[in-house]
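Beneath this line is the structure, given in structure tokens, with notes to follow.
There are 2 protein chains.
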Amino acid sequence: MGRCENCIIRQFNSLRAMSKEELKRVSDTKTTKLVKKGETIFGEGEKLNGVFCVRDGVSKLSKLSPNGKDQIVKLATKGAVLGQRSVITEEVANLSAIAVNDMEVCFIPKDAIVDSLNSNPNFAVEVLRHIAHDLKEADDVIVNMSQKTVKQRIAEAFIYLEENFGKDNNGYLALTLSREDIANVVGTATESAIRIISDFKKLGLIKAYGKKVAIADRKALNEVAKGS
Amino acid sequence: MGRCENCIIRQFNSLRAMSKEELKRVSDTKTTKLVKKGETIFGEGEKLNGVFCVRDGVSKLSKLSPNGKDQIVKLATKGAVLGQRSVITEEVANLSAIAVNDMEVCFIPKDAIVDSLNSNPNFAVEVLRHIAHDLKEADDVIVNMSQKTVKQRIAEAFIYLEENFGKDNNGYLALTLSREDIANVVGTATESAIRIISDFKKLGLIKAYGKKVAIADRKALNEVAKGS
DNA sequence: TTGAAAACATGATATTTGTCAGTTTTTTCT
DNA sequence: AGAAAAAACTGACAAATATCATGTTTTCAA
Chain A
1 MGRCENCIIR
11 QFNSLRAMSK
21 EELKRVSDTK
31 TTKLVKKGET
41 IFGEGEKLNG
51 VFCVRDGVSK
61 LSKLSPNGKD
71 QIVKLATKGA
81 VLGQRSVITE
91 EVANLSAIAV
101 NDMEVCFIPK
111 DAIVDSLNSN
121 PNFAVEVLRH
131 IAHDLKEADD
141 VIVNMSQKTV
151 KQRIAEAFIY
161 LEENFGKDNN
171 GYLALTLSRE
181 DIANVVGTAT
191 ESAIRIISDF
201 KKLGLIKAYG
211 KKVAIADRKA
221 LNEVAKGS
Chain B
229 MGRCENCIIR
239 QFNSLRAMSK
249 EELKRVSDTK
259 TTKLVKKGET
269 IFGEGEKLNG
279 VFCVRDGVSK
289 LSKLSPNGKD
299 QIVKLATKGA
309 VLGQRSVITE
319 EVANLSAIAV
329 NDMEVCFIPK
339 DAIVDSLNSN
349 PNFAVEVLRH
359 IAHDLKEADD
369 VIVNMSQKTV
379 KQRIAEAFIY
389 LEENFGKDNN
399 GYLALTLSRE
409 DIANVVGTAT
419 ESAIRIISDF
429 KKLGLIKAYG
439 KKVAIADRKA
449 LNEVAKGS
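Chain order of the listed sequences is A and B.
For the first sequence, the working numbering begins at 1 and goes up steadily by one.
For the second sequence, the working numbering begins at 229 and goes up steadily by one.
Here it is as structure tokens:
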């Protein structure tokens with residue numbers, strides 16, 4: 001099994017602030033697992049006794065509402081550490097983590113994290129920076145949700161997907177989400193999302209090849225995302 | 229001027245994890261200021277070289293959107309530390325802090341905070357816990373915004389105000405917000421908020437005495453907040 | 001490969017929410 | 001106290017969005 005010390009992924013998250021000794025400990029206690037598309041890594045309300053470091057694939061972090069609808073709060077990819085928040089506050093998970101495509105994740109038991117937090121200020125501050133950044137992003141999402149139209153939010157979502165998950169060789173978005181997932185990201189009904197995406201296609205803002213979507217007119221899409 | 233070591237407010241925030249020496253330093257460098265209702269403590273985009281500890285009064289943390297509407301992301305009261313996030317990530321403030329009523333705040337220069345973070349793991353972890361908790365709350369707000377109706381959100385807002393800011397001697401909410409502020413908290417048009425609040429009054433869910441509002445039928449209001 | 005299930009799509013319609021335009025009430029300031 | 005400003009309110013209407021019903025296409029596993 002791989003050693004954390006050599007893990008490239010680490011460079012992207014707070015684990016890079018760990019000392020050699022701490023990393024060794026993490027490496028010795030961690031386990032790696034494969035998660036198939038659609039499988040749940042952990043569910044809302046579950047008690048977590050560790051965190052999950054994403055080595056490959058994408059996970060959606062979502063919350064189920066009483067009326068049966070999911071709200072996707074965040075998409076986490078390579079380098080992200082899932083469950084950190086719950087471990088820190090010692091609460092149960094308030095979001096579910098479900099694989100959007102096949103994933104490889106490392107499970108790191110709680111103690112290795114908590115002990116380092118308490119003894120290594122560098123690590124604690126690094127984690128703090130990450131969570132503080134997440135908080136800023138969450139605040140931005142709140143503002144977007146309340147002040148932008150569904151059309152604007154969907155336009156933004158495509159731009160976000162291109163910027164954060166990149167494009168494949170043919171220029172199509174590397175991450176393919178179902179219409180339902182897109183609806184759940186922007187907080188609207190699936191039918192509404194489908195209609196707007198169809199409109200975007202007709203207007204030439206995006207193009208599709210099977211399930212794949214590509215941004216065809218970035219500038220115009222940006223216009224839609226900003227003004228009405 | 230008061231000494232932080234004796235400040236009761238401290239018990240409610242992360243400063244309680246500071247050592248005697250650290251508190252002494254904070255005490256020596258801090259300044260206290262009075263902020264009148266409506267005045268700005270700091271604005272969006274402003275570079276902060278310190279944090280503000282709320283000793284009395286309430287501040288709204290909000291973001292202005294291009295169309296001129298404010299979204300209130302959070303209400304901060306006694307014990308809250310404002311600007312912490314920006315100081316940690318070394319970014320400009322992404323929210324404005326405006327006094328909702330007369331306030332008394334202590335300004336603590338950045339260095340005292342940053343130095344303690346880097347050297348005192350207890351303090352770093354305590355701050356981490358607070359920010360992690362804020363993040364959870366922000367995620368909950370995102371879900372509420374996208375999955376509840378305006379009516380539900382306004383009902384929730386009144387319950388939130390009672391639970392977090394309490395009642396006066398006569399049972400009225402201790403914190404009085406303008407209709408516009410309520411609208412900006414739940415993310416709707418001022419007129420819509422006014423209409424719904426009028427409905428609540430007619431239905432006997434709340435009652436009003438001048439500007440003061442009281443929850444009249446807590447159970448029914450709860451029903452509205454949950455189901456539709 | 002083929003049948004069932006899931007995802008995608010579209011129309012018709014209802015509901016929710018926002019906007020505009022104005023009136024009344026309350027607050028603030030001198 | 002009285003004028004001006006701000007806040008609260010109301011109605012009419014428009015726009016955005018959700019819901020329901022149904023048909024089509026795609027995916028996937030037996």
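Glycine residues also receive a C-beta, built at the ideal position from the N, C-alpha and C atoms.
| Residues that residue 337 of chain B bridges to, as DSSP identifies them | The partner list for residue 337 of chain B (beta bridge, DSSP) reads B:278.
| said: Tell me the DSSP secondary structure of residue 132 of chain A in three-state form. | reply: If DSSP states are grouped into helix, strand and coil, residue 132 of chain A belongs with the helices.
| task | For residue 401 of chain B, name the three-state secondary structure that DSSP assigns. | result | The answer is strand: DSSP assigns residue 401 of chain B an E or B state.
| query | List, in order along the chain, the chain A residues whose C-beta lies closer than 9 Å to that of residue 183 of chain B? | reply | The question about residue 183 of chain B has no answer here: the residues shown for chain B are numbered 229 through 456.
| query | Hey, how far is the Cα of residue 30 of chain A from the Cα of residue 108 of chain A? | reply | Cα-Cα distance, rounded: 5 Å.
| said: Under 8 Å: do the stretch 73-82 of chain A and the stretch 45-52 of chain A share three or more Cβ pairs, one atom per stretch? | reply: Result yes; three or more Cβ-Cβ pairs closer than 8 Å.
| said: Cβ closer than 8 Å: which chain A residues qualify as neighbours of residue 317 of chain B? | reply: In chain order: 129, 132, 133 and 136.
| field | Identity of the residues DSSP links to residue 71 of chain A by a beta bridge | value | In the DSSP output, where bridge partners are listed per residue, residue 71 of chain A has A:63.
| said: Does the stretch 344-359 of chain B come into contact with the stretch 232-243 of chain B, if we say contact requires no fewer than three beta-carbon pairs (one atom in each stretch) closer than 8 Å? | reply: Because the criterion of three Cβ pairs below 8 Å is met, the stretch 344-359 of chain B and the stretch 232-243 of chain B touch.
| message | Given this structure, state the Cα-to-Cα distance separating residue 377 of chain B from residue 149 of chain A, to the nearest angstrom. | response | Approximately 15 Å, taken between the alpha carbons.
| Residues in its own chain within less than 6 Å of residue 23 of chain A by CB, not counting five upstream and five downstream? | Sequence-distant Cβ neighbours of residue 23 of chain A in its own chain, meaning closer than 6 Å and more than five residues away, are 4 and 5.
| said: At the level of alpha carbons, what is the spacing between residue 390 of chain B and residue 444 of chain B? | reply: Looking at the two C-alpha atoms, the distance is approximately 12 Å.
| request: Please name the residue in B:253, B:435, B:319 and B:450 whose C-alpha comes closest to that of residue 272 of chain B. | output: Looking from the CA of residue 272 of chain B, the closest CA among B:253, B:435, B:319 and B:450 belongs to B:319.
| said: Run through the DSSP bridge pairs and tell me what residue 419 of chain B is partnered with. | reply: According to DSSP, residue pairing for residue 419 of chain B in a beta bridge does not occur.
| Do you know offhand how far residue 416 of chain B's Cα is from residue 214 of chain A's? | One C-alpha to the other measures close to 33 Å.
| message | Quick test of the definition: if touching needs 3 or more C-beta pairs under 8 Å, does the stretch 320-336 of chain B touch the stretch 263-272 of chain B? | response | Enough Cβ pairs lie closer than 8 Å, so yes.
| When we look at the beta-carbon of residue 285 of chain B and count the other beta-carbons within 10 Å, is it buried (16 or more) or exposed? | The residue is buried, with at least 16 neighbouring Cβ atoms inside 10 Å.
| Residues of the stretch 145-162 of chain A whose Cβ lies closer than 9 Å to any Cβ of chain B, in chain order | Of all residues in the stretch 145-162 of chain A, 145, 146, 147 and 148 have a Cβ within less than 9 Å of some Cβ in chain B.
| query | If we call anything under 9 Å between Cβ atoms a contact, is residue 105 of chain A one with residue 54 of chain A? | reply | Yes, the Cβ-Cβ distance between residue 105 of chain A and residue 54 of chain A is below 9 Å.
| message | Can you give me the C-alpha to C-alpha distance between residue 100 of chain A and residue 180 of chain A, rounded to a whole angstrom? | response | CA-to-CA, the gap between residue 100 of chain A and residue 180 of chain A works out to about 12 Å.
| task | Using beta-carbon positions only, say whether residue 368 of chain B and residue 440 of chain B come within less than 9 Å of one another. | result | Annotated as distal: residue 368 of chain B and residue 440 of chain B, with beta-carbon spacing of 9 Å or more.
| message | If you follow the beta strand (DSSP E) that residue 77 of chain A is in, where does it begin and where does it stop? | response | Here residue 77 of chain A belongs to no beta strand (DSSP E), and DSSP marks it neither H nor E.
| Short CB-CB distance (under 9 Å) between residue 246 of chain A and chain B | The structure shown has nothing for residue 246 of chain A, since chain A only spans 1 to 228.
| request: Identify the contact partners of residue 8 of chain A in chain B, using a Cβ-Cβ distance below 9 Å as the criterion. | output: Taking the beta carbon of residue 8 of chain A as reference, no residue of chain B falls within 9 Å; the closest one sits roughly 24 Å away.
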